[in-house]
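Following: one structure in structure tokens, then a few remarks.
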Amino acid sequence: MSKDLKDALINLSKRSVDTFVANVVFIDKVKGVCTVEDGKLNYSGVKLSAVVNGEGNKFYLFPKVGSVILVSPIHEDIKNLYVEAFSEIEEVNISVGDQNFKMTGAGFVINNGLNGGLVKVDALLSKINALETSFNTLKQILSAWVPVPGDGGLVLKTAITAWAAQMMLSTQKTELENKQFKH
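Numbered by numbering that gives the first Met the number 0, the letters in the sequence shown go through residues 0 to 182 in order.
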């Protein structure tokens, strides 16, 4: 193959608008776009998702403002850009139908976290075990009690006094909730 033919094929396959490096200036998480600058120009409306019409399922990687990204054109159109690669990600957001998943440095949120944080199983188990132990202690006291005629319940009162003096603390939501994973 001649050099002229090789050069012609290379030029034929070469893109008219290349991928370029840019810095993130602003992010619009509602529209799923960002504004970037390449040192010379600002480009607004740069897409963060393949969804063009704003409908349907979405997968967003939201870059950190000030981070470096690679921007590419769609169909060689400099006015129709998307983010191809990220140096730093601030948030991941996935929407499929009515379901939503968001991940940030603070944790995970499923379906806007309306049900609060996930239960910390070990803390909950510890609280349940304390209740069961206390209840079993009371059952043992009551089952071991033998009524004594004419004491007016003094033996029972004496046996149960120590148990009744051990007050249980109210469980706080913060003891059982993992705020890093909300659902």
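Cβ atoms here follow ideal geometry from the backbone N, Cα and C, with glycine treated the same way.
Nothing here was measured: the structure is a model prediction, and the numbers come from that model.
Original post:
Is DSSP giving Gln179 helix, strand or coil here?
Top reply: strand
Subject >> Asp90, enclosing beta strand (DSSP E) - first and last residue >> reply: A quick correction: the sequence has Glu, not Asp, at residue 90. Where Glu90 is concerned, the enclosing beta strand (DSSP E) stretches over 88-95.
**OP:** In the DSSP assignment, find the beta strand (DSSP E) that holds Leu60 and state where it starts and stops.
**Re:** 57-62
Subject >> As assigned by DSSP and simplified to three states, the class of Val154 >> reply: helix
Subject >> Asn128 - containing alpha helix (DSSP H), residue span >> reply: 120-143
**OP:** Identify the continuous beta strand (DSSP E) that holds Asp27 and give its terminal residues.
**Re:** 19-27
**OP:** Quick one: measure Cβ to Cβ for Glu89 and Phe58, integer angstroms, because I've assumed they're closer than 8 Å.
**Re:** Glu89 to Phe58, Cβ: 15 Å. No contact.
**OP:** Count the other CB atoms, across all protein chains shown, that sit within 10 Å of the CB of Val45; report buried if there are 16 or more and exposed otherwise.
**Re:** buried
**OP:** Could you tell me the distance, in whole angstroms, from the CA atom of Leu153 to the CA atom of Ser169?
**Re:** 30 Å
Original post:
How about Lys63 and Glu87: do their beta carbons lie closer than 9 Å?
Top reply: yes
**OP:** Determine, using beta-carbon pairs with one atom in the stretch 129-145 and one in the stretch 162-176, whether at least three such pairs fall under 8 Å.
**Re:** yes
**OP:** Compute the Euclidean distance between the alpha carbons of Lys2 and His74, then round it to the nearest angstrom.
**Re:** 29 Å
**OP:** Locate the beta strand (DSSP E) running through Gln98, then write down its first and last residues.
**Re:** 98-103
Original post:
Going by C-alpha distance, which of Trp162, Lys119, Met102 is nearest Lys138?
Top reply: Trp162
Subject >> Per-residue DSSP class, three states only, for Thr34 >> reply: strand
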